[in-house]
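For the sequence shown, the residue numbers in the numbering used here are 222 to 428. Where is the CB? At the ideal position from N, CA and C, for every residue including glycine. As structure tokens, the structure follows; a few thoughts come after it.
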Amino acid sequence: MSLWRILCGAAFVALPVLANLVPACAAGSEPEDIQCNNAPKGSVPPLPQMVADWVVVLCTSQGHALAPRVKDKMVLWLAPKTGTLFTVDAAPRDWKRPPSLSKYDMRFSDFAATERTGDALNKTLAMWDLAFAPQARPKIERVVQMDARSVWQGTIYNLFFYIAGGKPQWMITCVKQCSSAVPIRIVDDPEEAKKLIRSVGKESQNR
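Written as structure tokens, this is what we have:
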């Protein structure tokens, strides 16, 4: 089974309408070469070993997108405040690729990863408290930062993975030194995903 079918199939399992919010799934049929097998040599930079088990680069019709790596079970990145699926795209969501550009031209140019320690770790934990309030912070074992540089205006995305129970369970994605940030729940259970999405829907109705 292809990566697209696993990723988008997981989206439909969680809640069908969500799949249309992911660029890789929105077309309804698998984009050509979603796994970047035919990408020009050197156009897909290697992922740092530290995050290679958690992240995959997709070649969507609009360019590169970072998504959760799927192995023996589905994994979703969900925005807990909206209940929507999330990918990190090399181009802005409202950007439309002109005919003069190939799908491989809008891409990430390089990646880096490091483990947060000392004061940097404390600052990252404080970010968690702010992003996921009023939820009490659970025991977080490690925090790993991944940086992804896009060819779009040299934008650098910072992805902070919060590991608990031996696996990433939360992520905060930032741009421009975290002047803009998106908190993400990393979910590998369809029932948990449904529960999160439904809870967001109930909160919206009560406002």
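*Give me the Cβ distance between P266 and F332, rounded to the nearest whole Å; I'm assuming they're in contact under 8 angstroms.*
Walking along the sequence shown from the start, residue 266 turns up at place 45. Walking along the sequence shown from the start, residue 332 turns up at place 111. Confirmed, about 6 angstroms.
*Inter-residue spacing [alpha-carbon to alpha-carbon] between I393 and N379*: As a first step, residue 393 is located in the sequence shown; it is residue number 172 there, counting from the start. As a first step, residue 379 is located in the sequence shown; it is residue number 158 there, counting from the start. Taking the straight line joining both Cα atoms gives about 8 angstroms.
_Could you pull the DSSP bridge partners for L297 from this structure?_
Reading the sequence shown from its first residue, position 76 is the one you call residue 297. V408, per the DSSP bridge assignment.
*Reducing DSSP to helix, strand and coil, say where K344 ends up.*
Position 123 of the sequence shown, counted from the start, is the residue given in the question as residue 344. Three-state DSSP puts K344 in a helix.
*Those residues which DSSP pairs with L279 across a bridge*: Within the sequence shown, the letter at position 58 stands for residue 279. Answer is A286, bridged to L279.
*If you draw a straight line from the alpha carbon of L342 to that of P261, how long is it in whole angstroms?*
Within the sequence shown, numbered from 1, the residue matching residue 342 stands at position 121. Within the sequence shown, numbered from 1, the residue matching residue 261 stands at position 40. The straight-line gap from Cα to Cα measures roughly 37 angstroms.
*Which residues mark the beginning and the end of the beta strand (DSSP E) in which K388 is found?*
Counted from its first residue, the sequence shown places residue 388 at position 167. K388 to V396 is the extent of the beta strand (DSSP E) around K388.
*On the DSSP bridge assignment, give the partners of Y429 in chain order.*
Here the chain covers residues 222 to 428 and nothing more, so residue 429 does not appear.
*asked:* Checking the sheet assignment: what are the DSSP bridge partners for I384?
replied: Within the sequence shown, numbered from 1, the residue matching residue 384 stands at position 163. Checking the DSSP bridge columns, you'll see I384 partnered with R363 and P389.
*To which residues of the same chain is R370 closer than 6 angstroms at the C-beta, ignoring the five residues directly before and after it?*
As a working mapping, residue 370 is identified with position 149 in the sequence shown. So the qualifying residues of the chain are S330, D331 and I377.
*Would you call Q366 buried or exposed, if buried means 16 or more other Cβ atoms sit within 10 Å of its Cβ?*
In the sequence shown, the residue the question calls residue 366 occupies position 145. Classification for Q366: buried.
_Beta-carbon proximity of V296 to P289, cut-off 7 angstroms_ = As a working note, residue 296 is residue 75 in the sequence shown. As a working note, residue 289 is residue 68 in the sequence shown. Yes, the pair counts as a contact, with Cβ atoms nearer than the cut-off.
*State the DSSP-derived secondary structure class of S352, mapped to helix, strand or coil.*
Residue numbering aside, residue 352 sits at position 131 when the sequence shown is read from its first letter. Sequence inspection shows Ala at residue 352; the Ser mentioned does not correspond to that position. Correct three-state label for A352: helix.
*Which of the three DSSP states, helix, strand or coil, is assigned to E413?*
Along the sequence shown, one-based indexing puts residue 413 at 192. E413 falls in the helix class under three-state DSSP.
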